[in-house]
Amino acid sequence: NAGVTQTPKFRILKIGQSMTLQCTQDMNHNYMYWYRQDPGMGLKLIYYSVGAGITDKGEVPNGYNVSRSTTEDFPLRLELAAPSQTSVYFCASSYQSGNTEAFFGQGTRLTVV
Amino acid sequence: AQTVTQSQPEMSVQEAETVTLSCTYDTSESDYYLFWYKQPPSRQMILVIRQEAYKQQNATENRFSVNFQKAAKSFSLKISDSQLGDAAMYFCAYRSARGAQKLVFGQGTRLTINP
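Structure representation (structure tokens):
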């Protein structure tokens, strides 16, 4: 079982460039989430989805966009990258039941220079 | 909105000793779940232990146990017989039982194990 797979693991972007962080899960989870983790801090929610075709903003959505065309995939798009978006990004998924474990990808370390 | 606070940015403990990490949270909901996640240098988020708010009994997983005080909104993690492999960042997290069941994380506590 692959679980939650994120690509790439590392990326350096120049200011103003765009990129897509890929996330896919093979556990048939309805719920998927994107978090960012700044150095020495906890994880903050960027966007989330409760099923294919349904997405909503989290705590820090500015500068990002998402889509959820299938149950498996939940890509995160960065438009016009800024230094403030330098962070580690985590994708997570879970079943529609609060006490179940949320599974996390390995994270993407993004640096904007 | 729910918030989670971890007031100890760093903790250290001698190998084989016991350490307790603190966590408090704020919510107006009565039904929710609480978690402790471990993040080693590999960055992987690993579930350590979970607690359902409707259960009075504190959760236990081998050397890890919690002290859940619902009225005080407190959820501390006790690690017994600390091992070198326990060194990591530890995050307390809250999850609502309703809606999108988003995880809300504390700021984390960096745990160092001294040999």
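Taken in order, these protein sequences are the chains called B and W. Numbering-wise, the first sequence is residues 191 to 303 according to the numbering used here. Numbering-wise, the second sequence is residues 16 to 130 according to the numbering used here. Think of the CB as a built atom: it goes at the ideal place given N, C-alpha and C, for glycine as much as any other residue.
Only exposed fits glutamine 207 of chain B, as fewer than 16 other CB atoms lie within 10 angstroms of its CB. Residue environment analysis places tyrosine 69 of chain W among the exposed positions, since fewer than 16 neighbouring C-beta atoms fall within 10 angstroms of its C-beta. With respect to threonine 42 of chain W, glutamine 66 of chain W sits apart: the two C-beta atoms are not nearer than 8 Å. Proximity of phenylalanine 79 of chain W to chain B, defined by a Cβ-Cβ separation below 8 Å, is not satisfied. Contact between glutamine 227 of chain B and glycine 295 of chain B does not hold, since the beta-carbon distance rounds to 12 Å and is not under 8 Å. Residues of chain W whose Cβ lies closer than 9 Å to the Cβ of phenylalanine 280 of chain B are, in chain order, Arg58, Met60. In this structure leucine 118 of chain W touches alanine 108 of chain W by the C-beta definition: roughly 5 Å separates them, less than 8 Å. Using a 10 angstroms sphere on the CB of leucine 270 of chain B, the tally of other CB atoms stays under 16, which defines it as exposed. A distance below 8 Å separates the beta carbons of isoleucine 236 of chain B and tyrosine 225 of chain B. Taking arginine 110 of chain W as the centre and dropping the five residues before and after it, the same chain places the C-beta of Tyr47, Tyr48, Leu49, Phe50, Gln116, Lys117, Leu118, Val119 closer than 8 Å to its C-beta, in chain order. Going by DSSP, cysteine 107 of chain W is part of the beta strand (DSSP E) stretching over 103 to 111.
Residue environment for alanine 74 of chain W: buried (at least 16 other C-beta atoms within 10 angstroms of its C-beta). With respect to chain B, the C-beta atom of leucine 36 of chain W has no partner C-beta closer than 8 Å. The beta carbon of methionine 104 of chain W lies closer than 6 Å to those of Gln54, Gly123, Arg125 in the same chain, with the five residues before and after it left out. Interface annotation, glycine 241 of chain B: not in contact with chain W, CB-CB separation never under 8 Å.
Taking the beta carbon of lysine 117 of chain W as reference, the chain B residues within 8 Å of it are Tyr223, Leu235, Tyr238, Gly248, listed in sequence order. Within the stretch 219 to 299 of chain B, the complete beta strand (DSSP E) runs of at least 3 residues fall at 221 to 227, 233 to 241, 244 to 247, 254 to 256, 266 to 268, 277 to 284. Going by beta carbons, glycine 121 of chain W and glutamine 59 of chain W fall outside the 8 Å limit.
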